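J.: Position in the sequence shown (from 1) plus 251 gives the number in this note's numbering.
Ideal Cβ positions, reconstructed from N, Cα and C, are used throughout, including at glycine.
Computed from a predicted structure; not experimentally measured.
Let me give you the structure first, and then I'll get to my questions.
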Amino acid sequence: MRAQRRLVLGSTSHYRAELLKRLGLDFELKAPGTAETEQPGEQPAARAMRLALAKATDAGRDLDDALVIGSDQVAELDGMLLEKPLSVERAHAQLSACSARTVSFHTALCVLDKGSGKHYSYMDLTRVHFRSLGDDEISRYITREQPLDCAGSFKCEGLGISLFHRIENNDPTALIGLPLIALAQLLRDAGLSVP
């Protein structure tokens, strides 16, 4: 295995960048410029994987021999996509809709090896079981944490954890947006030493 190659995270997400720092690897950030549009009839997991591959491809477009990471997450409540709310009103509406229900988070990961042209991928499914939430506690939560840039309107790494009854997953970092257990394995598969 090679000790270190140029590693690029195709993302503008500070959440993903903070997670990647945990692996102790030097990496660069590069905005992928990928349009995150829906395609008619596309299932949430398929959308997440398509966008993860597109982000890695777009971010790696002008690179020769680098490993490029793309990741995307799609949140779904009974088949309805939950986008980033971007406003207090939409966040309140999302959390009200999630109350006493289960939200599925499909987190796709792609590592594109620009040297060989191969790509390595992984899909995580996390199920978040919300407890019953009252309007006042939803308002207090939004005021305290301002989760307006998070799909599902919460931050599980912060106070958002108090909104849940249970979380089912294989990797706790997947819910934040970058499944590190899988990423470490994909990087090893691509020839990078981790740790």
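Taking P423 as the reference, which of I393, H357 and L443 has the closest Cα?
T.: Counting from one through the sequence shown, the residue named residue 423 turns up at place 172. Checking every option, the nearest Cα to that of P423 belongs to H357.
J.: If you scan the segment 327-384 from start to end, which runs of the alpha helix (DSSP H) of 4 or more residues do you find wholly inside it?
T.: With a minimum length of 4 residues, the continuous alpha helix (DSSP H) runs that stay inside the segment 327-384 are 339-349.
J.: Is it a yes or a no for the segment 329-336 touching the segment 273-281, going by three-plus beta-carbon pairs under 8 Å?
T.: Segments in contact, no.
J.: Which residue from S262, H380 and L360 puts its Cα closest to that of T285?
T.: Taking the first residue of the sequence shown as position 1, residue 285 is located at position 34. Nearest of S262, H380 and L360 to T285, Cα basis: S262.
J.: Taking the C-alpha atoms as reference points, what is the distance between F473 and F415?
T.: Residue 473 cannot be examined here, being either before or after the span of the chain that is shown, 252 to 446.
J.: Which residues bound the alpha helix (DSSP H) around L438?
T.: For this step, residue 438 is matched to residue 187 along the sequence shown. From DSSP, the alpha helix (DSSP H) with L438 extends over L431 to D440.
J.: Applying the criterion that 16 or more other CB atoms from any shown protein chain within 10 Å of the CB defines a buried residue, is H370 buried or exposed?
T.: Looking up residue 370 in the sequence shown gives position 119. It counts as buried.
J.: Excluding the five sequence neighbours on either side, which residues of its own chain have a C-beta within less than 7 Å of the C-beta of Q345, listed in chain order?
T.: Against the sequence shown, residue 345 aligns to sequence position 94. Cβ neighbours of Q345 beyond the five flanking positions: L333, P336, G403 and S404.
J.: Would you give the residue range spanned by the alpha helix (DSSP H) that L270 belongs to?
T.: For this step, residue 270 is matched to residue 19 along the sequence shown. Residues H265 to K272.
J.: Please report the residue range of the beta strand (DSSP E) in which I418 lies.
T.: Within the sequence shown, residue 418 is the residue found at index 167, counting from 1. Start and end: F415 to E419.
J.: Just list the residues that DSSP pairs Q324 with in beta bridges.
T.: To locate residue 324, count along the sequence shown from 1; it is residue 73. The partner list for Q324 (beta bridge, DSSP) reads T358.
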